[in-house]
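Before any comments, here is the structure.
Residue numbers (our numbering): -8 to 338.
Printed below as a string of structure tokens:
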């Protein structure tokens, strides 16, 4: 009974994750205005989470989580999941560095080419994921495991070493986020009294940067809370349960704690970014054949009509101004006086 309940919860969560991550990827590919540096990191993160979602769905269909098998065979089923988890864990560090660069080095951050910049920032997560996956593969013991979970494929010492390295990355990410917050507050205070801060363009750019910063902060916060909760609970279980074989039976249920991390890219961007929210509503409008958000395109039509009327009025013939009226009036008065003078001379 508990197994069926857990699999149902995981299936629903992963289905929401697949829906959300696909929406994020399609929205960024479809809308050019969304393809900023920060949004490209969110798209890469959505690809990693989508890999985790699909791997979990495959595991549910094959009933791997509660199925005993050799650890090497289990690792083959979970190799993509393990790589994606390690990659997304290190990618949060790159996202925190991206926010820090945009605040500390704003001009250089703007002139860096987007494709080269995002690719170079994804090198460390890729190397970290390959290294941890390879080390986990090299230290797989030749024995069976009662549950096919990627955390149980290697030796417990190797798993604790990998989890400790992830905790170090999380702490470093958290410090970078805090440092970025301090720098952003100081910059906003220094620019508050300057005359350039009153401009509408600078205000809009600063507001957009603050929205991106807050969205990235929430993404990192959800990840750290879910991952640290799973690690802390696992360490507590190991300390209080004397028999290690009993600890293994609690491992499948830790996925419920980590599961919100694999579908957060869609929901965080939906609630934090108006541009993403509009793109998601348009896509949901198409998926439901127009039943959901039926008036999503009415605003664009009304804006277009307003713009068209404004354009037509701009190209229309200008009306006579007061100065023109005065000129016409003075000219007519002069012509009347000239006619009266001519009549008197003729008489």
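For every residue, glycine included, the Cβ atom is placed at its ideal position computed from N, Cα and C.
Rounded to whole angstroms, what's the CA-CA distance from residue i to residue j? Just pull it up for me.
| i | j | result |
| --- | --- | --- |
| residue 305 | residue 110 | Legend: pLDDT at residue 305 = 37, less than 50; position of this residue unreliable, no value from coordinates given. |
| residue 33 | residue 273 | 19 angstroms |
| residue 134 | residue -1 | 29 angstroms |
| residue 186 | residue 178 | The predicted model places residue 186 with a pLDDT of 49, which falls under 50 and marks its position as unreliable, so this point remains unresolved. |
| residue 258 | residue 144 | 32 angstroms |
| residue 220 | residue 162 | 14 angstroms |
| residue 129 | residue 122 | 11 angstroms |
| residue 6 | residue 165 | 30 angstroms |
| residue 401 | residue 248 | The shown model of the chain, from -8 to 338, leaves out residue 401, and the question about it has no answer. |
| residue 66 | residue 283 | 42 angstroms |
| residue 265 | residue 48 | 31 angstroms |
| residue 168 | residue 230 | 32 angstroms |
| residue 76 | residue 146 | 18 angstroms |
| residue 4 | residue 93 | 34 angstroms |
| residue 263 | residue 16 | 17 angstroms |
| residue 27 | residue 139 | 39 angstroms |
| residue 60 | residue 23 | 47 angstroms |
| residue 225 | residue 275 | 39 angstroms |
| residue 228 | residue 244 | 12 angstroms |
| residue 288 | residue 53 | 43 angstroms |
| residue -7 | residue 232 | 20 angstroms |
| residue 286 | residue 267 | 17 angstroms |
| residue 35 | residue 181 | 34 angstroms |
Give me whichever residues DSSP pairs with residue i in a beta bridge.
| i | result |
| --- | --- |
| residue 136 | 60 |
Would you mind stating whether residue i and residue j have Cβ atoms separated by less than 9 angstroms?
| i | j | result |
| --- | --- | --- |
| residue 73 | residue 119 | no |
| residue 8 | residue 253 | yes |
| residue 37 | residue 11 | yes |
| residue 79 | residue 132 | no |
| residue 214 | residue 151 | no |
| residue 70 | residue 124 | yes |
| residue 87 | residue 211 | yes |
| residue 41 | residue 2 | no |
| residue 127 | residue 222 | no |
Residue i: which of the options sits nearest, CA to CA?
| i | options | result |
| --- | --- | --- |
| residue 261 | 19, -4 and 151 | 19 |
| residue 174 | 271, 90, 50 and 53 | 90 |
| residue 218 | 207, 83, 13 and -6 | 83 |
| residue 68 | 88, 59, 46 and 86 | 46 |
| residue 137 | 63, 99, 205 and 126 | 63 |
| residue 21 | 208, 269 and 88 | 269 |
| residue 205 | 31, 113 and 171 | 171 |
| residue 271 | -5, 25, 100 and 96 | 25 |
| residue -4 | 288, 279 and 246 | 246 |
| residue 250 | 216, 277 and 223 | 216 |
| residue 44 | 13, 57 and 176 | 13 |
| residue 389 | 241, 279 and 277 | Residue 389 is absent from the model: the chain starts at -8 and stops at 338. |
Taking 8 angstroms as the cut-off, is the beta-carbon of residue i closer than that to any non-hydrogen atom of the ligand GDP?
| i | result |
| --- | --- |
| residue 279 | Although the ligand GDP was asked about, the structure shown includes no ligands whatsoever. |
Runs of alpha helix (DSSP H) wholly within the segment 2 to 85 (minimum 4 residues, chain order): 28 to 53
Completely contained alpha helix (DSSP H) runs for the segment 81 to 159, where each covers 4 or more residues: 97 to 102, 105 to 112 and 114 to 129
Unbroken stretches of the alpha helix (DSSP H), 4 residues or longer, contained in the segment 208 to 263: 235 to 239, 246 to 249 and 255 to 263
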